[in-house]
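First to last, the protein sequences are chains A and B. Quick note: the first sequence, position 185, residue 185 per this note's numbering, numbers continuous. Quick note: the second sequence, position 493, residue 1493 per this note's numbering, numbers continuous.
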Amino acid sequence: MYHCETLESHHKDLVHDVSFNWYGNRLATCSSDQSVKIWEWNTDQQSWDCSASWKAHSGSVWKVNWAHPEFGNLIATCSFDRTAAVWEEMPGDSFLLSGTGAPPPSSHGNPNLRTEGDAPAQSHWVKKVTMVDSRTSVTDVKFAPKILGLILATCSADGTLRIYEASDVMNLTNWTLQHEIHTKLPSSCICWNHAIAKFLPPVLAVGSDDATTKGGKVFIYEYHEPSRRWENIETLTSVSDPVHDMAFSPNVGRSFSILGITSKELKIVTLKPKNRDALLSDNPNISERTPFESKYEVKLAGSFNDHKSTVWRICWNFTATILATSGDDGNVRLWKCNYKDNWHCVATLKGDGQSASIRNHPNMTLLKDQSFNNSGMGLNKANANTNANASSFTSGMWK
Amino acid sequence: MILPSVSGGGGSAPPPPTQVTVPQSGGALGVAWQRGNALTLFPTRFPPLDRSAGGGAAGSSGGQTQPLTLVSWERSLFEPVFRKLINESAQIFIQLQRGVAPGCRDVGRDFYLQISRQYRSVIRDCQELLDGAGADPNTMAVDGTGDTPSVAQSELLYKLELIWNLVEVLVIETRPVSKNGIILPQLVQWCCLHFPEADQKARHVLTENPEQPEMHAHFWDALLLFLIQGRTEQAQKLLRLHSDFGNTEAFGSLDELIRKMPRYSPQLMMSSVDFDFRFKHWQKEVRSRLDEGDFASSHELHRLALVLSGSEEALSEMADKCETWYQWMIGKLLFTQPDVKSYDLSYHAQQAINKFGGLSGMTSLDSILLAVMESDIAQVINELSSTLDNHWFPAHLLDLLYHTDPSAFETNPEDAIAAANACGSLREYLILEYGTCLMSHRSLWQVGALYMDHCPTQGKYRLELLLERIPLDTETKANKIMAMANERGMYSIVGSTCRVMGMQALREKRIGSAMAWALRSQDAQFTTFLADQLLLQYCEEGSFTSADLLDHLGSSMVLSDRLTFLAKYREFHRLCSEEQDFKAAASLLHSLMWSRMAPKYFWVTLLIDALPFVSCQDEVLLSSEQTYELLHCLQEISKDESLPKKQKLLLEEHEPQIRLELSRNLAIALMEEGDEQAITLAR
């Protein structure tokens, strides 16, 4: 049984990205209207309240990404205005946040007593740093897994991948550009691998949506400690169509990483460390060889054209059990992997073609399929007056 | 959602995807995951295109609304009415896991039966709760169909209990004993329990026509229904109420036949052969009486006798009186093959279904019951998973079946080990799904965690992923998570939780609390940062906000040098104010600075702190050497360019005084020490 709720974003132009924080109780949206909005889940009223909205850039804001809460409440944004920025929520009027928070400011009083007309408490976000190194639109921005520290990767339309590090986690105004890597092709997306083992060096992948060349469009880089450089360990020649989005699966105890790639179709690629022993005894002499040799066995695990059109976005749930993709067919598809590592589409979500009016469907039953009740020959329950039919269980939406 | 295909064949096509329509303007949709089974969809444009570049002309969507749609699923269990179901079934689940844990004595069929009955009773309780809620006018549905959701859900639970009961009868109760055992008595009982229609009809008859019950339309139906449920005593009682009973031979004859009907009961220790012989003998007598025309006088009696005799024709006609194919099948078997074996049940079920219009006209409930009768557990679980919104039912059912008899999964005994493996991994899959679903709820997460502990392969990883994502709303919750993580050796979660809580406290300027979390996480860097914060705060305010914490640091102060200094500095304060041991205080102050344990920015404060000691007239508290060293520090700090501006100003203000007092103390100390030396020498 699917439950839907509509939330009016009040963005004045197209929304380009929506991102949940680590706990899923805060939401950031960014839009072509150059603004970013933050939404808080209000447990008492079971609703999403906008707690902050500000003009973040002087161009469309493409992506928004949350840092791990260990670093505080931080988001990173990137924009057509050729910059990326890191924003931090300043302490103060954010009683909506959590129970441990400071007592509610007196002006707001008890949240339960708040009347409809009151604006929700505004939290205050401050720009900590602007990354101005790019000379073209910054197409993606992603925080590294927290184990690597407070590190941010950006990629630009001119194909430059930049890695920034906050030298002092307690002073977020100070970021240094650690690495600048030129991929030669316009970059569209970037993603960090969630290391499957602690001794493995960090890995990230960059995708290109270049349509003019024929070669591979996904480049995989690995940080090479002895040379302190990011090395291109693999270029996926199996993906030669423009790539729009990518996502590594979260680490759930698998012995390999899974990379989902959206292109003309959905592609799923696995990266398996070739030889653990060789990895452990990694001495600098071996690494001198050129070209840099891949330590991973890269395999195309599946290629799916269920969308029957270009696939644009991809994301994993955090238990890495379901993959969601969206395509040009206007559908969002959910994918699952069975115990034999075969991927298949388990659900499609399709817009009903009507644009926004707020519709909520709180009606829920234990069923997701009516056939159980839609009885050809009735099983009449003993002492309840029954007239089981499909409509009694669902609102019209769900037939 | 949909479970991995469990049928062995690799070629089996995956089930077609579920189609869901969401309220969203068609066109391109973006997508983002929330925690748990929740997605956000938003209308957007692909590829992204900047419109501000195109001269600011707003595109088609400019000015329109930009709605987000939050889609979630597997939420029905989160309704308060199911809280009891969830909690109690978790207790039974744990009881079962303890019972089968290695090292425990062998548990028998009775243990599993007891567990199974407990599960069923929990389902029935929940059903009653729902019925109660349905009766409450306040909760009446407003969806216009007039049927409350609770009625629908109560009905669903009733059906689930029906399925569970059948599984209990056919798999848990029967199978471990013997695959060739007699199962009909249990089936008949199952049928009686769930189809009280006969009683209802009899009650109608008796209340509406107490004088002449046979005139009531339901009299004969009720009688027939009692018979096909094998309830001979009730049938006899009803028959005797007939006004002609006693007047006509035929009634007495039928009454006698019903009374004589042999019943198989495991308590009687009757062998199957023996029973078969008696039953055949009895039916022969029924047939001979029929042939003799005992019942020619009454059409109804004749028909009943035909049923007793097992006449195909009469039994076939009886189908109209039965609500469901299984009710008919059981009634029919009672008079044609009372010693039916479980492996034959599938054949009879198929026949009954054909009689009732074939499987195509049936519901999932029918196909699940059929699969149970066919002992195709994999199919049962598959059907249940694709029908139900959540995994509560299949997860608990399969878990019980797995422990009862792992090979029940496969009808082919040669493949028992592979079957047990498949069953084990499917069990884990279902439990993980169910537990994951619970863990996305803000208060049920603790129950969910219990289930993860019983998933040998992936449980730990999954729990770790889920635990670290539980929102840390309150300190209590954070403590619970940490206790849970500690118990299971997930130390990275303990550390991470502390750091997040510490950051949160810091953001709210509760530095003492942040420090407490930092100490728990043993994070030296964070501790140092916080100690600095406390020192800076002291510089500004002249007092400590978290003196208690600092006084009781104990051994944890060694975590960071800065913290050690902070604790020592606090000790200095205590020596001055509480113990009045100025000599010790002065020494401590000197050693803090001279050992360079104190951060540079704090030296000015320390030097100012030293003023009262050096300007003390009564006693020399600092030796000449110590004073000299302090002067050295003063010299160093006054030349330090990196000193924060505030400290610099402070130093400029006090430097002449400090220098003066230190020199004076040096002079006095030297004089005194000189005197002492002279005295010693003189002696």
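All C-beta atoms in this analysis are idealised placements derived from N, C-alpha and C, irrespective of residue type, glycine included.
Three-state secondary structure assigned by DSSP to residue i
i: B/V1380; result: helix
i: B/L1398; result: helix
i: B/E1672; result: helix
i: B/D1110; result: helix
i: B/E1323; result: coil
i: B/S1385; result: helix
i: B/S1154; result: helix
i: B/Q1034; result: coil
i: B/V1100; result: helix
i: B/I1695; result: Residue 1695 of chain B lies beyond the stretch modelled for chain B, which goes from 1001 to 1683, so this question has no answer here.
i: A/S35; result: strand
i: A/T6; result: strand
i: B/R1120; result: helix
i: A/D140; result: strand
Where residue i falls, given that 16 or more other Cβ within 10 Å makes a residue buried
i: B/E1168; result: buried
i: B/M1215; result: exposed
i: B/I1330; result: buried
i: B/A1667; result: exposed
i: B/A1032; result: buried
i: A/P69; result: buried
i: A/L349; result: buried
i: B/H1194; result: buried
i: B/A1182; result: It is worth fixing the name first, because residue 1182 of chain B is Ile in this sequence and not Ala. By the 10 Å Cβ count, B/I1182 comes out buried.
i: B/R1240; result: exposed
i: A/A205; result: buried
i: B/K1477; result: buried
i: B/S1288; result: exposed
i: B/K1284; result: exposed
Proximal residues of chain B, C-beta to C-beta of residue i below 8 Å
i: A/Y223; result: Neighbours of A/Y223 on chain B: none; closest Cβ ~21 Å, over 8 Å.
i: A/A411; result: Limits of chain A in this structure are 1 at one end and 399 at the other, which puts residue 411 of chain A out of reach.
Short Cβ contact (9 Å threshold) for residue i with residue j
i: B/Y1451; j: B/L1438; result: yes
i: A/V332; j: B/P1017; result: no
i: A/Q122; j: A/A52; result: yes
i: A/T176; j: A/S187; result: no
i: A/T183; j: A/V252; result: no
i: B/A1235; j: B/F1226; result: yes
i: A/G24; j: B/Q1034; result: yes
i: A/K317; j: B/N1087; result: In the sequence under discussion, the amino acid at residue 317 of chain A is Asn, which differs from the Lys named in the question. Cβ atoms of A/N317 and B/N1087: not closer than 9 Å.
i: B/Q1446; j: B/M1484; result: yes
i: A/V64; j: A/C30; result: yes
Interface residues of chain B facing residue i [CB-CB closer than 9 Å]
i: A/P250; result: L1465
i: A/Y164; result: None at all; the shortest Cβ gap to chain B is about 19 Å.
i: A/T136; result: Neighbours of A/T136 on chain B: none; closest Cβ ~12 Å, over 9 Å.
Chain-ordered chain A contacts of residue i [CB-CB under 7 Å]
i: B/H1041; result: A small correction: the amino acid at residue 1041 of chain B is Leu; His does not occupy that position in the sequence shown. Ordered by position in chain A, the residues that pass the 7 Å Cβ test against B/L1041 are V332 and L349.
i: B/P1471; result: Y23 and N25
i: B/Y1461; result: V252 and G253
Chain-ordered neighbours of residue i on chain A, where CB pairs are closer than 9 Å
i: B/V1167; result: The contacting residues do not exist; B/V1167 stays about 17 Å from chain A at best.
i: B/T1436; result: T319 and T321
Where residue i meets chain A, residues with beta-carbon distance less than 8 Å
i: B/M1503; result: P69, E70, F71 and G72
i: B/W1328; result: None at all; the shortest Cβ gap to chain A is about 11 Å.
i: B/W1164; result: Result: empty, since nearest Cβ-Cβ is about 14 Å, beyond 8 Å.
i: B/L1070; result: C4, E5, T6, L7 and W48
Within chain B, partners of residue i - CB distance below 7 Å
i: A/H16; result: T1044 and P1048
i: A/W312; result: A1028 and F1046
i: A/H194; result: Ordered by position in chain B, no residue passes the 7 Å Cβ test against A/H194, which lies about 10 Å from the chain.
i: A/A324; result: V1031, W1033 and L1039
- Message: Could you check whether the region 1351–1369 of chain B touches the region 1146–1163 of chain B, counting it as contact only if at least three pairs of C-beta atoms, one from each stretch, sit closer than 8 Å?
- Response: Yes, they touch.
- Taking 8 Å as the threshold, find out whether the region 1147–1158 of chain B comes into contact with the region 1113–1129 of chain B through three or more Cβ pairs. In this structure the region 1147–1158 of chain B touches the region 1113–1129 of chain B; the number of beta carbon pairs closer than 8 Å is three or more.
- Query: Are the region 1076–1090 of chain B and the region 9–17 of chain A in contact at 8 Å, needing three or more beta carbon pairs?
  - Reply: Verdict: no, contact absent.
- Task: Mind the definition here: the region 1651–1671 of chain B touches the region 1604–1618 of chain B only if three or more C-beta pairs lie below 8 Å; say whether that holds.
- Result: The count of Cβ pairs closer than 8 Å, one atom from the region 1651–1671 of chain B and one from the region 1604–1618 of chain B, reaches three, so the stretches are in contact.
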